[in-house]
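Let me begin by presenting the structure, written as structure tokens, before commenting on it.
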Amino acid sequence: MQSIPVCAPLMLGNPTLDWNFYTVPQQYSCFSLNNQSSYYPRGRGLGGTSNLNFMVWLRGHPFDFDNWSELTQDERWSYDELLPYFRKSETYTADGDSSFHGFDGEVTVSPASYGPIAKHFVKAAEEMGYPKVDLNAPYQEGFNEHVYNQKRGHRAGAFNAFLQPIRQSRRDKLTIRKYAHVTKVLFKGSNNLAYGVEYEKGGIVHQAKCTKEVILSAGAISSPLILMRSGIGATQHLESVGINPRVNLPGVGQNLQDHVIGLVGPFVIDPVDGQHLTYLASRDSSPSDLLQYVGSGTGPLSQAGVMASGFVASNKTKLIAKINNKIIWPDIQLILLGIPKDASAIASLAKVYNLRRDIAEEFYSPVVGQDSFHIMSIASRPKSRGQILLSNKDPKARPWIDPKYYHHPDDIAVTIEGVKKAIHLVENTKTFQSIGARLSTTPFPSCRSHEFRSDAYWECYLRHYTLSVYHQAGTCKMGRADDPEAVVDASLSVRGTERLRVIDASIMPQIVSSNIQAACTVIGERGSQIIKEYWGIAP
Ligand SMILES: Cc1cc2nc3c(=O)[nH]c(=O)nc-3n(C[C@H](O)[C@H](O)[C@H](O)COP(=O)(O)OP(=O)(O)OC[C@H]3O[C@@H](n4cnc5c(N)ncnc54)[C@H](O)[C@@H]3O)c2cc1C
């Protein structure tokens, strides 16, 4: 089931697949979520979060990486230097300029095979003057349907793409310890040389030792936790939970970034010539869908609902680009969520986002069973920064995760601009008007005291109905030696230690301005080349 895209939301919360983290109650957001807390799913097992993500494959904008290069003063992280690594991991089967794509890499990237509403979204954007562009090549503003890491309609996650092929062929070189929980890194000597890790399995503590180096790829939540448990972090914090500090690195667990969704909608639509443009499982499921999927990997079962994206710039960003005579680096992502609501979809939405069930039912009940869609407005270069801390010394204790959503006022302002652009797109294009697309007139229950659709209403809406895209990043940030918050250098080595690197989403100094798994993959590709060069085994 895990490999079938339409089942992706069902993977969430399953304790064998998901670490099931939750944030602490938020001060300025999440007001209509249970306990004012955002659910923070993270994949566990071989393949990690790629086992339960929604498979959207977007690299980000070239400036995202040029920015990394500038922040680290290291050309290896610029877009031009990373492009060969993006190409290396890809087998691209969608349309696109071949100079930006790879065709014999591990990850199969495929075009969407279903999504009539997505075609309307892209066409409406063209009507508004936004071009249809390859979102995995350089772009300024533009829209397109998503491409997915899927092979013949099945999830092509990190396990299938990278690990499975070498499990058999390199059995002599690879040992996998399943169900092992790494508790800390082992060090020796005054130079903090890493020589292995300690892990717990089945209640027994073991050690795994290395001859060359230790690489932490436990993701943006767990990599900083493992470092802190090993004595690498802010001395004061470590002492406060009874851990002996080894290296004072105040940046460990700081700089937490994520993308936050303003879920605009529901937009209700009419059927066209009796045909439904959105797929409602309880209404539309038929054996032929299953047959189509089994036969060719196409059709409604081959999608998880997130169907297309547009990258647009706020007025301020556009002005800055114009003044500096630079290309536009969009700061808003609009994502089409093309799934209408039935009773089970409302229950699933409430679960997936930890939204209060009573509020979800009240808000969505007027549109149950009708064709509808949402557009997510996301401040794609957020300014709020959160943190992850240890709650105590116990290696299995739940961490203290505080993403500080919407702490920075610009994040609210940019997201509201995106909300208005989304509504404008729907209400002012022939494409959407021809299918009767209209914003539901039911106000969000917690924001009824505000004038519907006013800025105050939208701010209330965003701060109550605060949802994450689950793009956690930045908690072991890469940076220059004079950056006090940097945890790893541009070779991904942990400062103050030897033979220890971090290679995952946590090293991003600034989150990329799109979905992030392709950038995580390029970090892996670039990192492995750095290691091979260091040990003199680069091809
Ligand atoms: C529901 C959901 C949908 C998403 N959809 C998309 C999408 O459509 N497109 C996109 O680009 N991104 C998406 N993302 C985000 C993306 O999948 C992740 O950001 C990315 O996979 C992170 O990769 P990573 O290598 O940094 O960490 P992970 O993939 O999380 O890998 C970390 C690994 O370390 C293991 N680990 C952690 N702690 C320990 C420990 N103590 N001991 C042993 N092992 C440990 C974990 O089990 C896991 O296997 C989504 C995320 C979620 C949760």
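Counting from 19, one number per residue, gives the positions in the sequence shown under the numbering used here. In this text, a Cβ means the ideal position worked out from N, Cα and C, and glycines have one as well.
About 7 Å separates the CB atoms of residue 167 and residue 126; that is less than 8 Å, so the two are in contact. Going by beta carbons, residue 200 and residue 252 fall outside the 8 Å limit.
In the same chain as residue 435, and ignoring 5 residues on each side of it, the C-beta atoms closer than 6 Å to its own belong to 332, in chain order.
Taken atom to atom, the span from the alpha-carbon of residue 218 to that of residue 447 is near 58 Å. Here DSSP, grouped into helix, strand and coil, assigns residue 191 to coil. Here residue 440 is actually not in contact with residue 486; their C-beta atoms are around 18 Å apart, not less than 8 Å. In this structure, residue 162 has its CB at a distance of at least 7 Å from all heavy atoms of ligand 1. Close CB contacts of residue 281 within its chain, under the 7 Å cut and outside five residues either way in sequence, are with 392, 394, 483 and 485 (chain order). Using a C-beta cut-off of 8 Å, the region 168-175 makes contact with the region 20-29, since at least three inter-stretch Cβ pairs fall below that distance.
Non-local beta-carbon contacts of residue 496 in its own chain, meaning distances under 8 Å to residues more than five positions away in sequence, involve 86, 89, 90, 95, 504, 505, 506, 507, 508, 510, 525, 526 and 527 in chain order.
Counting every other CB atom within 10 Å of its CB across the protein chains shown gives residue 147 a total below 16, marking it as exposed. When C-beta atoms of the region 337-355 are compared with those of the region 456-469, fewer than three pairs fall below 8 Å, so the two segments do not count as touching. For residue 219, the three-state secondary structure derived from DSSP is strand. Counting every other CB atom within 10 Å of its CB across the protein chains shown gives residue 442 a total below 16, marking it as exposed. When DSSP assignments are scanned along the region 283-355, the uninterrupted stretches of alpha helix (DSSP H) that are 4 or more residues long and fall wholly within it turn out to be 299-302, 305-314 and 333-341. In this structure, residue 522 has its CB closer than 7 Å to one or more heavy atoms of ligand 1. The criterion of a C-beta distance shorter than 8 Å is not satisfied by residue 56 and residue 535. In the three-state reduction of the DSSP assignment, residue 168 falls in the strand class, which pools E and B.
The beta carbon of residue 539 is closer than 7 Å to those of 107 and 125 in its chain, skipping five residues each way along the sequence. When distances are taken from the beta-carbon of residue 533 to the heavy atoms of ligand 1, the shortest one is below 7 Å. Separation of residue 208 and residue 518 (C-alpha to C-alpha, rounded to the nearest whole angstrom) is 15 Å. When C-alpha distances from residue 139 are compared across 309, 475 and 325, the shortest belongs to 325.
Per DSSP, reduced to three states, the secondary structure at residue 390 is strand. Looking only at 37, 290, 19 and 45, the smallest Cα-Cα distance to residue 422 is reached by 45. Residue 366 and residue 523 have their C-alpha atoms some 27 Å from each other. Of the residues 424, 337, 470 and 514, the one whose Cα lies closest to the Cα of residue 283 is 470. Annotation: residue 373 to residue 172 spans about 29 Å, alpha carbon to alpha carbon. Annotated as distal: residue 28 and residue 59, with beta-carbon spacing of 8 Å or more. Positions of the alpha helix (DSSP H) runs, each at least 4 residues long and wholly inside the region 437-465, are given as 448-451 in order along the chain.
With respect to the 8 Å criterion, residue 286 and residue 388 are classified as neighbours on the basis of their beta carbons. When distances are taken from the beta-carbon of residue 404 to the heavy atoms of ligand 1, even the shortest one reaches 7 Å or more. Counting C-beta atoms within 10 angstroms of its own C-beta, residue 162 has 16 or more neighbours from the protein chains shown and is therefore classed as buried. Distance from the C-beta of residue 73 to the nearest heavy atom of ligand 1 is below 7 Å. Nearest to residue 119 by alpha-carbon distance, out of 76, 203 and 143, is 76. Boundaries for residue 162: no alpha helix (DSSP H) harbours it, while the beta strand (DSSP E) harbouring it runs 160-163, taken from the DSSP string.
Per DSSP, reduced to three states, the secondary structure at residue 500 is coil, with no helix or strand assignment.
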